[in-house]
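Peer 1:
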Amino acid sequence: MPSAVALLVAAGSSRRFGGDTSKTLLPLGGKPLFLWSLEALEDSPSISAILIAVRAEDRPGYSAVLARFPATKFRPPLVLGGETRSHSVRNLLAALAGSPPELVLIHDAARPFPSRPGIDAVVAAAAEAGCATFAAPVTDTLSRSNDQALLCERVPREGLWAVQTPQAFRYDLLVDAYRRWPADAAAPTDETTVMYAAGHPARCIVSGTDNLKITHPADFALAEALLAARTRPASPPSPEGQA
Numbered sequence: 000m001p002s003a004v005a006l007l008v009a010a011g012s013s014r015r016f017g018g019d020t021s022k023t024l025l026p027l028g029g030k031p032l033f034l035w036s037l038e039a040l041e042d043s044p045s046i047s048a049i050l051i052a053v054r055a056e057d058r059p060g061y062s063a064v065l066a067r068f069p070a071t072k073f074r075p076p077l078v079l080g081g082e083t084r085s086h087s088v089r090n091l092l093a094a095l096a097g098s099p100p101e102l103v104l105i106h107d108a109a110r111p112f113p114s115r116p117g118i119d120a121v122v123a124a125a126a127e128a129g130c131a132t133f134a135a136p137v138t139d140t141l142s143r144s145n146d147q148a149l150l151c152e153r154v155p156r157e158g159l160w161a162v163q164t165p166q167a168f169r170y171d172l173l174v175d176a177y178r179r180w181p182a183d184a185a186a187p188t189d190e191t192t193v194m195y196a197a198g199h200p201a202r203c204i205v206s207g208t209d210n211l212k213i214t215h216p217a218d219f220a221l222a223e224a225l226l227a228a229r230t231r232p233a234s235p236p237s238p239e240g241q242a
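In numbering that gives the first Met the number 0, the protein residues as written are 0 to 242.
See below:
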């Protein structure tokens, strides 16, 4: 089974949540949000080590949590995040430059429920294709809007996918793709964008419906509901003859 070093990105600004605390340190199901994805990566046999990128001001909070919930695959120290997500990823890649792995897996800490089979599948796909990602086919009706926020043009959804994390890559290909990324271009929102620009399309691994991303405060309620559904005991079968 191929293995990868996991790069957990937890350096977002969390502007939509207000306050000074990173959203990935906020509690979900009795423990900090980032621990859910960290533990999923820890449990996967496809992950050999884990690095985490955080904001400088959040380092004490993450260090305190990791002291209470030790992860055997976590490789200290915490990596300093950048001004953008891609900057944080570049810092994580640079932290591996002295002993580069064959494969890396990149995951957003704001997605608490990556499945173990999915993690294993995306790593295996990257070992074969060089680039792989979780993704889900778009099912909503899509439309462009004009400056007045009026829906003015339907966009066909056939063939469209919502790209998610985890994503996995050959380390050397991703580092080279970032070297080629134009310095004056907008910061990419994920690494499959960088790889595609360098001529490496991603293989899609269809994600589950619970691979949600915590973006707004209301998303915590949805995540709590998913956790409750996981732990709810199955209903006993109805007696014969009763509805």
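The beta carbon of each residue, even a glycine, is placed where N, CA and C say it ideally should be. Quantities reported herein were computed from a predicted structural model and do not represent experimental measurements.
Is it buried or exposed for Glu190, if we count other Cβ within 10 angstroms and need 16 for buried?
Peer 2: Here residue 190 is taken as the residue at index 191 of the sequence shown, counted from 1. Using a 10 angstroms sphere on the CB of Glu190, the tally of other CB atoms reaches 16 or more, which defines it as buried.
Peer 1: Leaving aside the five residues before and after Pro44 along the sequence, list all residues of the same chain whose C-beta is less than 8 Å from its C-beta, in chain order.
Peer 2: As a position in the sequence shown, residue 44 is number 45, starting the count at 1. So the qualifying residues of the chain are Met0, Ser2, Asp119.
Peer 1: I'd like to know whether the C-beta atoms of Ala125 and Ala93 end up nearer to each other than 7 Å.
Peer 2: Numbered from 1 along the sequence shown, position 126 holds the residue referred to as residue 125. Numbered from 1 along the sequence shown, position 94 holds the residue referred to as residue 93. No; because the gap between Cβ atoms is not below 7 Å, this pair is not in contact.
Peer 1: Kindly indicate the opening and closing residues of the alpha helix (DSSP H) around Trp35.
Peer 2: For this step, residue 35 is matched to residue 36 along the sequence shown. Its alpha helix (DSSP H) spans residues 32 to 42.
Peer 1: What are the boundary residues of the alpha helix (DSSP H) that includes Glu101?
Peer 2: One-based indexing of the sequence shown puts residue 101 at position 102. Note, Glu101: premise wrong, no alpha helix (DSSP H); not H, not E.
Peer 1: Out of Ala66, Asp57, Leu6, which has the shortest C-alpha to C-alpha gap to Leu24?
Peer 2: Residue 24 sits at position 25 when you count from the first residue of the sequence shown. Residue nearest to Leu24 within the set Ala66, Asp57, Leu6 is Asp57 (criterion: CA-CA distance).
Peer 1: How about Ser142 and Leu149: are their beta carbons less than 7 Å apart?
Peer 2: Start at 1 with the first residue of the sequence shown, and residue 142 comes out as number 143. Start at 1 with the first residue of the sequence shown, and residue 149 comes out as number 150. Against a cut-off of 7 Å, the Cβ pair of Leu149 and Ser142 comes out as no contact.
Peer 1: Just to confirm my understanding: we take Leu65, look at its own chain, exclude 5 residues before and 5 after, and list those with CB closer than 7 Å. What are they?
Peer 2: The residue labelled residue 65 in the question sits at position 66 within the sequence shown. Once the five neighbours on either side are set aside, the close Cβ partners of Leu65 are Phe73.
Peer 1: Please state whether DSSP places Pro69 in a helix, a strand or coil.
Peer 2: Translated into the one-based positions of the sequence shown, residue 69 becomes position 70. Correct three-state label for Pro69: coil.
Peer 1: Keeping to the same chain, check which residues put their C-beta closer than 6 Å to that of Ala48; ignore five residues upstream and five downstream.
Peer 2: One-based indexing of the sequence shown puts residue 48 at position 49. If you ignore the 5 residues before and after Ala48, its C-beta comes within less than 6 Å of the C-beta of Val4, Lys72, Arg74, all in its own chain and listed in chain order.
Peer 1: Please classify Ser87: is it buried, with 16 or more other beta-carbons within 10 angstroms of its beta-carbon, or exposed?
Peer 2: One-based indexing of the sequence shown puts residue 87 at position 88. So Ser87 counts as buried.
Peer 1: In this structure, how does DSSP classify Leu159 when only helix, strand and coil are distinguished?
Peer 2: Your numbering for residue 159 matches position 160 in the sequence shown. In the structure shown, Leu159 sits in coil (DSSP, three-state: anything other than H, G, I, E or B).
Peer 1: With a Cβ-Cβ cutoff of 7 Å, do Pro271 and Trp35 count as a contact?
Peer 2: Within the shown structure, residues of the chain are numbered from 0 to 242, placing residue 271 beyond reach of any answer.
Peer 1: Could you tell me whether the Cβ atoms of Gly207 and Ser114 are closer together than 7 Å?
Peer 2: The residue given as residue 207 occupies position 208 in the sequence shown. The residue given as residue 114 occupies position 115 in the sequence shown. In this structure, Ser114 lies closer than 7 Å to Gly207 by Cβ.
Peer 1: Which partner residues does Ile204 have in the DSSP bridge list?
Peer 2: Along the sequence shown, one-based indexing puts residue 204 at 205. Ile204 pairs with Phe133.
Peer 1: Alpha carbon to alpha carbon, what distance is there between Ala128 and Ala109?
Peer 2: Translated into positions along the sequence shown, residue 109 becomes position 110. Translated into positions along the sequence shown, residue 128 becomes position 129. Rounded to the nearest angstrom, the two C-alpha atoms are 26 Å apart.
Peer 1: Using the Cβ count rule (16 or more neighbours within 10 Å means buried), how would you classify Asn145?
Peer 2: Position 146 of the sequence shown, counted from the start, is the residue given in the question as residue 145. It is exposed - the Cβ of Asn145 has fewer than 16 other Cβ atoms within 10 Å.
Peer 1: For Cys130 versus Ala201, is the C-beta spacing smaller than 7 Å?
Peer 2: As a position in the sequence shown, residue 130 is number 131, starting the count at 1. As a position in the sequence shown, residue 201 is number 202, starting the count at 1. The answer is yes: Cβ separation under 7 Å.
Peer 1: Are the CB atoms of Val121 and Pro165 nearer to each other than 7 Å?
Peer 2: Walking along the sequence shown from the start, residue 121 turns up at place 122. Walking along the sequence shown from the start, residue 165 turns up at place 166. Yes, the pair counts as a contact, with Cβ atoms nearer than the cut-off.
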